[in-house]
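In the working numbering, the protein residues as written are 9 to 380.
Worksheet: one structure, shown below.
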Amino acid sequence: MSSAPILYAGLTLIVALIAGLLPVFSKIKENPERLKMITAIASGIIIASAMLIVIPEGYEIASSDSHKENDEALAGSIALVFLELNHGEVNESEAIEEIEGLLSHDGHGHEEEHDEEEHEDESEGLKETVEHAIEEYEEGLINATTALEEIETAISSVGHSEEDEHDEHASGLLLGGAILGGFLLMFVLEGAGIGHAVHEEHHDHDDHHGHGHVHHSDSGWRLVLGLTLHSATDGVAIGAAAATGSVALTATVAIAVLIHRAPAAFSLGVFSMHERKERNDSIRDVVIFSLATPIMMMLAYFALSDLETHMIGLAMLFSAGTFLYVAAVDTLPDIHNPETGRTALFYVLIGAVGMVLVLAGADAAGLLEHGH
């Protein structure tokens, strides 16, 4: 197991605990304007990360078919051998020997060994078909010409199946549905009163009553539960990224989550100090919130590591849907407010543009490698 997931789990826990417990153990008070600025910038970062990293990577991982890609690569290599044969550079026996050498090449052998374990019940792939034709030739059941004809027929059928076109259409709906599912989950939670915008509810209360106390205990628990559930979905995002094996992807997603979680944790600490009578109760709220992301991250990492690759991609797309919803909900109220609209929009753009520049620089430096 890589040490990266444990590192990110520990980092998310520490950042959330520090940000959440800071208002509990210090005299630092919540600055509404500064908190809104940080939240808006973080929302811009989340949106840019979802659009430029999580969705493209999730789509590529979920829609990729390593078995099919291996067949296409092998078919291309074998086609070059047939070109040599047609140009008279090799005879039929030599062509079969070259093709047999391609089958045993590490570039395909290791991949196919893994595929055989995952696709035992599927129809045989190109490699098996070619191997069968060569075995028949070596056993004297067919001549070289017939063997090469069978191989040529096999490679010509790669990538031209009507079933493949139908699968691509179906997968498009599935991939979009994963993003929609994440978005709707957050929408349903918010509609059920399990919100996550702690600082907004706290300030709204201040405006109406002139103080920070919220007198309904069920409201406090709903907000703690809402924040915890949102943190859990963030953990799924980091865990899915870690399961791809890409260090750059995992770091990008984790940083975006951390930047967005810190102000939420701080707000929770402030809210809980006003809501709870005992400091220990406030500490409990912050600890529950802080543990949600790393615990769900590790669970997602181990669960997805044992599943097929496309499931990791779907999990990432699902997380992208939650990212987009949370980022939008955190900033839309301020953007719709005539007094704060332009300022909030400016900070969101600052966060988004800043993240674009960081990602562009990382890509130019070759740091954004694919993990599959």
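Every residue gets a Cβ at the ideal spot worked out from N, C-alpha and C, and that includes glycine.
Just so it is clear, the structure is predicted and the values come from calculations on it, not from any experiment.
Among the options, the one whose alpha carbon lies nearest that of residue i
i: T236; options: E143, H282, I296, A200; result: I296
i: A335; options: E347, L353, G321; result: L353
i: G369; options: T260, V32, I14; result: T260
i: L257; options: R287, L299, G321, G109; result: G321
i: E59; options: A264, S290, N288, R269; result: The sequence as given places Met at residue 59; Glu does not occur at that position. The shortest C-alpha separation from M59 is found at A264.
i: L111; options: I142, V62, E100; result: I142
i: I159; options: K135, E147, G148; result: K135
i: L188; options: L15, T351, P341, A323; result: A323
i: A328; options: L82, I26, E65; result: E65
i: I54; options: Y333, L30, S290; result: Y333
i: A70; options: E347, L357, L340, L325; result: L325
i: G180; options: Y67, F279, V361, E108; result: Y67
Three-state class that DSSP yields for residue i in the structure shown
i: E147; result: coil
i: D314; result: coil
i: H7; result: In the structure as shown, the chain begins at 9 and stops at 380. Residue 7 is therefore absent and cannot be evaluated.
i: L247; result: Note on identity: in this sequence residue 247 is Gly, with Leu being the wrong assignment. Three-state DSSP puts G247 in a helix.
i: A262; result: helix
i: H213; result: Note that H213 scores 44 on pLDDT, short of 50, meaning its location in the model is unreliable and no value can be drawn from it.
i: E160; result: helix
i: G28; result: helix
i: V166; result: coil
i: G184; result: helix
i: E124; result: The predicted model places E124 with a pLDDT of 42, which falls under 50 and marks its position as unreliable, so this point remains unresolved.
i: G201; result: coil
i: P302; result: helix
i: G321; result: helix
i: T339; result: helix
i: T252; result: coil
i: S11; result: coil
i: E286; result: coil
i: S34; result: coil
Span separating the alpha-carbon of residue i from that of residue j
i: Y355; j: I46; result: 8 Å
i: G28; j: L182; result: 37 Å
i: G234; j: F33; result: 23 Å
i: M319; j: T241; result: 16 Å
i: V62; j: A48; result: 20 Å
i: L197; j: D371; result: 36 Å
i: L367; j: V166; result: 36 Å
i: S313; j: S239; result: 21 Å
i: L93; j: I150; result: 19 Å
i: N345; j: D338; result: 13 Å
i: H282; j: E316; result: 47 Å
i: G18; j: G349; result: 36 Å
i: N99; j: G243; result: 58 Å
i: E157; j: F195; result: 57 Å
i: V89; j: A373; result: 37 Å
Where the alpha helix (DSSP H) through residue i begins and ends
i: T351; result: 349-372
i: I55; result: 40-57
i: S71; result: 63-71
i: S101; result: 100-111
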